[in-house]
Amino acid sequence: ALCIGSDVMMFSALCPPQFSKEKYLLESPPEKLRKELEEELKLSPADIRSHGWYHGHIPQEVSETLVVRNGDFLVHDSLTNVGDFILTCRWDNEVLHFKISKVLVKSNETKVQYMLESDCFDSVQELVRFYVGQRKPLSQSCAAHIYCPVCRTLPLRYLEATFALASSKHGSAYSPSSQRGAHIKRRSVTMTDGLTTEKMIPHSPSTVHHHKDAMRNCAMSMDQIQEFRCPLSPVGETPLSPAHSITHLSGRALAVVPPSPVMRRSSDPQLSPTASSSPPELPTQTSQSANSSPAHYSSHQSHSSETAGSYCDLRPCASGPPKPPTKSYVERLRVEERRKQEGKEEEEEGTFRSPQVETASSFRPSRYESRLLPAENKPLEMSVLKKVKELLAEVDARTAAKHITVYDCKVARILGVTSEMQRMMGVSSGLELLTLPHGHQLRLDLLERFFTMSIMMAVDLLGCTGSTEERAALLHKTIQLAAELKNNLGNMFGFAAVMRALELPQISRLEQTWVTLRQRHTEGAILYEKKLKPFMKNMNDGKESSALSNTTFPHILPVLSLLERGMAVGEVLEPWESTEVGVDVVMFHLEAARTIAHHGEIYRTNAENKLQGFQERPELGEIFQTEFQMRLLWGCRGSEGSQSERYEKFDKVLTALSQKLEPPARHSEL
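Structure below.
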């Protein structure tokens, strides 16, 4: 293991380099850890490891530091009962632990269920989905709710090895629990449920100090874990800098890495300047130094919710005193070259580059060059509409859904984001930018795409002037498209746009078409009425959300509407604008926005995974580009006009098309 400190040279002669499985497990480079975490999250949803809220085998006191806001929750293995789980959450500013018991079904001894109080589920995933989606209290004795998952930032294998090895250094304070795949023995903390660090066993100060240090450093995020093999500090230098570490009595080194400027949920713990520079063979001096200010650690942890939320870089030495790092000549050259490159970038960038505030839309319909549109086109040109309908008829719902998702993710800057774009935005993902003040233009562009896409889908439906059976078949295909976007691609933005088109009054009033749909395509009608519509309503009402591991583009429409309300006309009241709802829905969507901004990398990974191997058809992809849709709907001149005027004018066009298909005399709201 790597130990950085003033006395590391003294230990080098005592600790010759040697290979061990534990050393290999704990010295993986950060890039490898990121890829390993991504591979875990790409697993089947039936595998609990694919869910970010599952943290594996971590101590209870560590889980308590990760839930920082009311509604935060995570699930980890029980340290005392193998096979059981613990659901840790925060409610009313108090950390609560709920045991999820694994039980056998009496009717079938081979089938197991997971029970939380009186509720049983076939899997932990179903249990979490139920309590998050239904907003049901976890217990009858308290009103604790969960709705904001705290996702792990390190792979389970790394956490397993880290905390198992950390536990093995305190034999008297731990009890054996179980053994898993890599033959690493795990030990459990002998602590009563609900105890804080101040209530730990008083006669084991080294154990208390070890866990406080672990929790104090747990603010380090994945982006802050720098290369493990960093340069040694000069001999005799007092480790005051956060870039150094303190070597403790047990022979471990807790590496403290300076916080990244783009991670605001991280902490910058101040190390004690009285750390001993003598070897850890002197227990009195070292333990005195290590426990000189225990109150500082606990207060630093509890006073700011921004200091928690991720794991610490806890890497115990495999055996005995710490060992110096060993590097090959090639490794040293690579590190030096990388540092030179980073130094050049810092010189070019200066100390700080302010993010650019965008003042113009990224959509330029007047400059858009199209394969399908002439240079000067009029609104709704019949030849172009006919070509569009032919292209859409040739493909199935899944292919169309993938084309929509590609361009949704590009507009939202989930995919296709270069390093230069990140520097201009000041953040790494558009999902974080849209929550910030200088993300105003991106929010407007996303609203433009949302409304334009829904109008385009409505025109496709209302432009079907054939028989009622043909319109019902097209309506069924549109419902299938919505289901593909929701279930298979996890694109809640595209799903919401298609659902808005289906729920427009000009579409919902077509009584004959809907009746024919129920008669000829019963499964599609049931899917729409019983699943898609209720799910859409629950998302808007803050009662349900999509699973993080399966989502490429989260439901951001409520956030956009909250931040940019009034930019679009002709909209109905939002759920939070009625007196019956209150502010609960608003608070839910604001909390969701924070979560979305924090997990931009996960959404990007999910999108890349869902679209892997996808071959885009240029002409079909053009149909789902916002600039093409603006040109088709409003013409080359009208597309640059006022947004409110464009929407108001087209609302009248849709009404006229709808009344032409089914005259008002036969109108009856469904």
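Residue 799 is where the sequence shown starts when you use the working numbering, and the numbers rise one by one after that. For glycine and all other residues, C-beta sits at the position ideal for the given N, C-alpha and C.
**OP:** Tell me the start and end of each unbroken beta strand (DSSP E) in the region 892-971 that is at least 3 residues and wholly inside, in chain order.
**Re:** 892-903, 906-914 and 917-919
Original post:
Of all the alpha helix (DSSP H) runs that stay within the bounds of the region 1300-1334, which reach a length of 4 or more residues?
Top reply: 1303-1306, 1309-1318 and 1320-1324
**OP:** Please report how far the alpha carbon of L954 lies from the alpha carbon of H853, in whole angstroms.
**Re:** 7 angstroms
Original post:
Using DSSP with H/G/I as helix, E/B as strand and the rest coil, what is Y1166?
Top reply: coil
**OP:** Could you name the residues of the same chain whose beta carbon sits closer than 6 angstroms to that of Q1239, not counting the 5 residues immediately before and after it, in chain order?
**Re:** Excluding residues within five positions, the ones whose Cβ falls inside 6 angstroms are E1156.
Original post:
Looking at M1251 and T1403, is the spacing between their C-beta atoms short of 9 angstroms?
Top reply: no
Original post:
Nearest to H1409 by alpha carbon, out of N1175, P947, T1203 and Q923?
Top reply: Note that residue 1409 corresponds to Leu in the displayed sequence, not to His. Closest option to L1409, Cα to Cα, is T1203.
Original post:
Is there contact here, the region 835-844 with the region 931-938, by at least three beta-carbon pairs under 8 angstroms?
Top reply: Judged by Cβ distances under 8 angstroms, the region 835-844 makes no contact with the region 931-938, as fewer than three pairs qualify.
Original post:
Count the other CB atoms within 10 Å of the CB of N1338; is the residue buried (16 or more) or exposed (fewer)?
Top reply: buried
Original post:
Got a sec? Which residues, its chain only, sit under 6 angstroms from L1302 by beta carbon, not counting five neighbours each side?
Top reply: Counting only Cβ-Cβ distances below 6 angstroms, and skipping sequence neighbours, we find A1256.
Original post:
Counting pairs of Cβ atoms below 8 angstroms between the region 921-928 and the region 1317-1332, do you hit three or more?
Top reply: no
Original post:
Do you know how far the Cα of N1348 is from the Cα of R984?
Top reply: Legend: pLDDT at R984 = 35, less than 50; position of this residue unreliable, value from coordinates given subsequently. R984 and N1348: Cα-Cα distance of roughly 31 angstroms.
Original post:
Going by alpha carbons, who is nearest to R867 out of I944, G1228 and Y912?
Top reply: I944
Original post:
What separation, rounded to the nearest whole angstrom, lies between the Cα atoms of P1461 and R1307?
Top reply: 10 angstroms
Original post:
Is there contact between the region 1270-1289 and the region 1190-1201, where contact requires at least three CB pairs shorter than 8 angstroms?
Top reply: yes
**OP:** Give a yes or no on contact between the region 867-886 and the region 1432-1444, applying the rule of three or more CB pairs nearer than 8 angstroms.
**Re:** Counting C-beta pairs with one atom in each stretch, the region 867-886 and the region 1432-1444 have fewer than three that are closer than 8 angstroms, which means they do not touch.
Original post:
Whose C-alpha, out of Q911, G881, A1390 and K1185, is nearest the C-alpha of V948?
Top reply: A1390
Subject >> Whole alpha helix (DSSP H) elements within the region 1433-1468, 4-residue minimum >> reply: 1441-1459
Original post:
In terms of residues, what are the limits of the beta strand (DSSP E) holding D890?
Top reply: Premise fails: D890 is in no beta strand (DSSP E) and is neither H nor E.
Original post:
In chain order, which continuous runs of the alpha helix (DSSP H) of length 4 or greater are located wholly inside the region 1241-1271?
Top reply: As far as the region 1241-1271 is concerned, it has no whole alpha helix (DSSP H) run of at least 4 residues.
Subject >> Buried or exposed by the 16-neighbour rule on C-beta atoms within 10 Å, applied to G1340 >> reply: Flag for G1340 reads buried.
**OP:** Kindly identify the DSSP beta-bridge partner or partners of H755.
**Re:** Outside the displayed range of the chain (799 to 1468) lies residue 755, so it cannot be described from this structure.
Original post:
If you draw a straight line from the C-alpha of L1459 to the C-alpha of Q1304, how long is it?
Top reply: Spanning the two alpha carbons is a distance of roughly 10 angstroms.
Original post:
Around the Cβ of P1163, are there at least 16 other Cβ atoms within 10 angstroms (buried) or fewer (exposed)?
Top reply: buried
**OP:** Kindly indicate which residue of P1153, K1284 and R1429 has the alpha-carbon position closest to the one of T1350.
**Re:** K1284
**OP:** Report all residues from its chain with a CB closer than 7 angstroms to the CB of H1236; omit the five preceding and five following residues, and keep chain order.
**Re:** P1153 and V1155
Subject >> Q858 - containing alpha helix (DSSP H), residue span >> reply: Q858 to L864
Original post:
So, using beta-carbon positions, are I1421 and V1225 closer together than 9 angstroms?
Top reply: no
**OP:** Alpha carbon to alpha carbon, how far is R1415 from E915? Give it in angstroms, no decimals.
**Re:** 52 angstroms
Original post:
In this structure, what does DSSP give as the bridge partners for F1351?
Top reply: N1289
Original post:
Taking Cβ to Cβ, would you say T1233 is nearer than 9 angstroms to I1400?
Top reply: Going by C-beta atoms, T1233 is not nearer than 9 angstroms to I1400.
Subject >> Per DSSP, the bridge partner or partners of Y1205 >> reply: None, per the DSSP bridge assignment.
**OP:** For L1273, collect the residues of the same chain with a Cβ closer than 7 angstroms to its Cβ; drop the 5 residues on either side in sequence, then sort them by chain order.
**Re:** L1259, T1311 and L1315
**OP:** Might you give, ordered along the chain, the residues of its own chain that have their beta carbon closer than 7 angstroms to the beta carbon of Q911, omitting 5 neighbours on each side?
**Re:** V901, V903, C918, F919 and D920
Original post:
Hey, out of H1397, A1405, A1454 and L1455, whose CA is closest to G850's CA?
Top reply: H1397
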